[in-house]
Amino acid sequence: MITVSALNYRYRGSDKLVLDNINLEIETQSIFGLLGPNGAGKTTLISVLTGLLSPQEGAVSVMGYQFPADTKRIKSLNGYVPQGYAFYPNLTAGENLQFFAGIQGLCGKKKQERIQYCLDFCQLNDVVKQPSSQFSGGLKRRLNLAIGLLSDPEILYLDEPTVGIDPQSRTFILEQIGQLRDQGKTVIYTSHYMEEIEQVCDHLAIIDNGKVLISGTLSDLQGQQTPQCRIGIDQPLSKQHFAELSERYSVVMPHAETQLPCELIFKDIHQYRDCLDLTQKLEEYGVHICSVSFGKTNLEDIFLNLTHRELRD
Amino acid sequence: MIQAALKKEFSLVFRDLHSIAVLFIMPAIFIVIMSLAMQDQFSNKDDAKVGLFVMEDDGAILQGFSEELKNLKQFEIIEISPTEKDSAFERLNNDEVKAFIVIPGHKQTYIDDDESFDFEDPPVEIWFSPQMDKRSSLLVESAILERLVKAKIPGLLKLKGVDNADKIAEEFTSGLIKSNYIYQQKGEAVRPSAVQQNVPAWLIFSMFFVVIPISTTLVTEKQQGTLIRLRTMNVSMSIFLFVKTLPYLVINQVQLIIMLLIGMYLIPILGGDTLDLGRSFSGLALMALATGVASVGLGLLVAVIVKTTEQATVLGGVGNILLAAIGGVMVPKFIMPETMQTLTNISPMAWALEGFLDIFLRGGGLLSILSEAAMLFGFGGVMLMLAIVVFHQKCEG
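Below you can see the structure in the form of structure tokens.
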């Protein structure tokens, strides 16, 4: 279990709390998703969990070990895959793996076995002698992941591991992450791709402005939300019309007014009269309704309800 | 860990052609150019000449006077007829010639006749080009003064009633000064060449240029996230930073060997003098190591302070040039005014240069360079510790 209690953190010279009273419990041998927009505090939280930053207030316990007393022991449990391509582009894939294995104290047969395992796991055998600067985005992500796995970590931190890659590579990485859970590893996964979090994570937390807004399993989170009505419309709604609607009705627009698909979310289907009024109002604006759907909210809706903004804002 | 870090650093440096160019090719070119360009400033040879006109007002070139100046082998004598006098001044103004000597016709007798004495009007006028430096001006004045004194001493002796005045004057004027040089090359006391002065100067300059690749590689590691990744591992950052300096220390020694070889073998082929390594290889080795420690220490401090590769290149490059300018690398210390000579002591390049010159010029050994080596080791150690402290402070956000 990874436990974070009343954790606060602010950077030197700043009054603003980047992490504000964070409380989390993360089950081991599971995939935990950390969801939030840029600047929400995800990377700072991961930096504290990986021992890069020392907790200023509050407590962090990782599999029974405490910061800061057991920092060295905790670091030995971790593998970290940063968002950037954190390897040396002038070195080949093999040289990168040799360096990161050697620098962590792996040597001899064990070192070669771990390198070979990581090459196999990330399917990099064919490019082991190629300079990594020549890799495609997908290969770079796989090498980034392979380096994170070299020390056979108990806990793997993945920070936006699928940014900028093609769908096939994304699918491959997500499948491999699923395999890691099956091997008994704990994966902490940050992303702003909600469909990925929905696909691979057992538990998740939504974080914004340094605060955990909600946490639990996806079904827990969905259960806490009021059923919604999603109304598809044939054209973008102007700012003025949307302002008028949102003043009268409990309605949000999940995408910016110029973006497609155009849709509105009526947040509480129990207020069905209001919903009918809303559809009439739309007709008055010359906007035609293309589709109406009722049911459970998805992760994007939950995020929108909690933060009143899109994740990609 | 050390082996892995060393291998990585060597691979990164030797695959980066820009770093290689900065560290090896640029200083090699500097050494060749500066040694050949400044050859005349230090040369024993008689080809350090200054352009000079000799003319007189009434049309007759003073052949004897001209020949004697030529014999001094310091100047290129261009004899010019009186009809070209105006154009001669123009050429002087345009710096086509460095000095223009005018000997009025009625003073010809004064110069040629050792018994003619007239202290009212100077017998020789010298006009200097605006770009004539003070040292060369004095050289021209001294040469003419010497010629005049030689001409007049027999007359003065005759006036005093001395017999054999001409013979005594000749012996007197030729035996007044004997020049000696402490510097020895192959057992002979000789004047040190430009190579002896320039190779150590530009060698030190090139060794300090490791500041740029050290800082740019560390900045790149910060920007790529590799440094953060390493910090999440149980890798001691102090040891990592220390290990990072070792390849550059080795590179420094390779630079030293290559630059010395250039001085010993390439420059003579190109027409320059041969570099003599002195007589203390242990002293040379200690100076090489001390200079390397100072340069990599400084490089690491710059590396942890700067945030971008642009800052690293500018701070490393400009800082190096300033240290070289202050430290007597670009302008030899001995031609600086006294205040500037004192100021050179703030630059570690000056300490290094003094140490190398002790070995190359002054015949010094291990003991004579101990103070310079200690200062360089101390400087490097302080820089290294500061770098580690600053790095850890920055990591804590």
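As they're listed, the protein sequences go chains A and B.
Numbers 6 to 318, taken from the numbering used here, label the letters of the first sequence in order.
Numbers 32 to 428, taken from the numbering used here, label the letters of the second sequence in order.
Note that the Cβ used here is the ideal one computed from N, Cα and C, for glycine as well.
Could you confirm whether any beta carbon from chain B is found closer than 8 Å to the beta carbon of residue i?
i: A:T8; result: no
i: A:A323; result: The first residue shown for chain A is 6 and the last is 318, placing residue 323 of chain A beyond what the model contains.
i: A:K47; result: no
i: A:E100; result: yes
i: A:Q327; result: With chain A represented from 6 up to 318, any question about residue 327 of chain A goes unanswered, as that position is not in the structure.
i: A:K115; result: no
i: A:Q34; result: no
i: A:G89; result: yes
i: A:T55; result: yes
i: A:G107; result: yes
i: A:T191; result: no
i: A:G215; result: no
i: A:N13; result: no
First and last residue of the beta strand (DSSP E) that includes residue i?
i: B:K338; result: Here B:K338 belongs to no beta strand (DSSP E), and DSSP marks it neither H nor E.
i: A:S233; result: It should be pointed out that residue 233 of chain A corresponds to Gln in this sequence rather than to Ser. It spans Q233 to I238 - the beta strand (DSSP E) in which A:Q233 sits, taken as one unbroken run.
i: A:G38; result: I36 to L40
i: B:E107; result: E107 to E110
i: A:F271; result: E268 to F271
i: B:I259; result: Per DSSP, B:I259 belongs to no beta strand (DSSP E); it is in the alpha helix (DSSP H), T257 to T263.
i: B:V241; result: Element bounds for B:V241: n/a, residue is neither H nor E.
Using CA coordinates, which residue listed in the options is at the minimum distance from residue i?
i: A:N43; options: A:I202, A:T195 and A:E201; result: A:T195
i: B:N351; options: B:V362, B:T339 and B:G330; result: B:G330
i: A:S224; options: A:E203, A:N214, A:N149 and A:N95; result: A:E203
i: A:Y303; options: A:V132, A:Q61 and A:L226; result: Per the sequence presented here, residue 303 of chain A reads as Asn, with Tyr not at that position. Of A:V132, A:Q61 and A:L226, the residue nearest in Cα terms is A:L226.
i: A:D25; options: A:I212, A:I307, A:E268 and A:Q240; result: A:I212
i: A:F247; options: A:C267, A:C295 and A:C234; result: A:C267
i: A:K21; options: A:I108, A:Q34, A:I31 and A:G46; result: A:G46
i: A:G80; options: B:V266, B:L415 and B:L306; result: One point to set straight first is that residue 80 of chain A is Lys, not Gly, in the sequence displayed. Comparing Cα-Cα distances from A:K80 to each of B:V266, B:L415 and B:L306, the minimum goes to B:V266.
i: A:S59; options: A:T76, A:M68 and A:T48; result: A:T76
i: B:P58; options: B:I390, B:S378 and B:A355; result: B:A355
i: A:Q34; options: A:T55, A:T48 and A:H208; result: A:H208
i: B:M371; options: B:G358, B:L346 and B:A383; result: B:G358
i: B:V285; options: B:M264, B:F120 and B:A316; result: B:A316
i: A:L321; options: A:S255, A:G38, A:N13 and A:F308; result: Not covered by the structure: residue 321 of chain A. The range shown for chain A is 6 to 318.
i: A:V192; options: A:T8, A:V9 and A:F37; result: A:F37
i: A:K145; options: A:N101, A:Y290, A:D279 and A:L250; result: A:N101
i: A:F105; options: A:K216, A:E200 and A:S156; result: A:S156
i: B:A404; options: B:A418, B:K425, B:A381 and B:E341; result: B:A381
i: A:G131; options: A:L148, A:K116 and A:M199; result: Sequence check: residue 131 of chain A is Asp here, not Gly. The shortest Cα separation from A:D131 among A:L148, A:K116 and A:M199 belongs to A:L148.
For the alpha helix (DSSP H) containing residue i, list its first residue and its last residue.
i: B:T305; result: Here B:T305 belongs to no alpha helix (DSSP H), and DSSP marks it neither H nor E.
i: B:K275; result: M268 to L292
i: B:E40; result: I33 to F45
Hey, does residue i have any beta-carbon neighbour from chain A nearer than 8 Å?
i: B:A79; result: Any answer about B:A79 is weak, because its pLDDT of 43 lies below 50 and its placement is not dependable; what the coordinates show is given next. B:A79 does not count as touching chain A.
i: B:N75; result: Only weak support exists for where B:N75 lies, its pLDDT of 44 falling under 50; the coordinates are left without a value.
i: B:H423; result: no
i: B:G15; result: The question about residue 15 of chain B has no answer, for chain B in this structure spans 32 to 428.
i: B:L272; result: no
i: B:K338; result: no
i: B:T263; result: yes
i: B:A35; result: yes
i: B:V345; result: no
i: B:T375; result: no
i: B:S42; result: yes
i: B:Q228; result: no
i: B:V266; result: yes
i: B:T257; result: yes
Bridge partners of residue i, per DSSP?
i: A:D13; result: Note that residue 13 of chain A is Asn in the sequence shown here, rather than Asp. Bridge partners of A:N13: A:E62.
i: A:D164; result: A:T195
i: A:K134; result: According to DSSP, which records beta bridges pairwise, A:K134 is partnered with nothing at all.
i: A:S298; result: A:R235
i: A:V256; result: A:F271
i: A:E30; result: A:T8
i: A:L24; result: A:Y14
i: A:H208; result: A:F37
Output, in chain order, the set of chain D residues within a Cβ distance shorter than 7 Å of residue i.
i: B:M290; result: This model lacks chain D altogether; the protein chains it does include are A and B.
Could you tell me whether the region 188 to 207 of chain B touches the region 286 to 301 of chain B, where touching means 3 or more Cβ pairs closer than 8 Å?
no
The region 287 to 301 of chain A touching the region 83 to 92 of chain A, judged by at least three CB pairs closer than 8 Å:
Not touching, per the Cβ criterion.
Spell out a yes or no on whether the region 225 to 244 of chain B and the region 64 to 82 of chain A are touching, meaning 3 or more CB-CB pairs, one atom from each, closer than 8 Å.
no
Is the region 241 to 249 of chain B touching the region 318 to 334 of chain B in the sense that three or more CB pairs, one from each, lie closer than 8 Å?
Taking 8 Å as the limit for Cβ pairs, the verdict is that the region 241 to 249 of chain B does touch the region 318 to 334 of chain B.
Any 3 or more C-beta pairs closer than 8 Å across the region 385 to 404 of chain B and the region 295 to 311 of chain B:
yes
Can you confirm whether the region 170 to 177 of chain A touches the region 89 to 98 of chain A when touching is taken to mean that 3 or more C-beta pairs between the two stretches lie within less than 8 Å?
No, the region 89 to 98 of chain A is not in contact with the region 170 to 177 of chain A.
Is the region 270 to 280 of chain B touching the region 123 to 142 of chain A, taking contact as three or more C-beta pairs under 8 Å?
No: the two stretches stay apart, fewer than three of their Cβ pairs being nearer than 8 Å.
Are at least three pairs of beta-carbons, each pair with one atom in the region 152 to 159 of chain B and one in the region 126 to 136 of chain B, less than 8 Å apart?
yes
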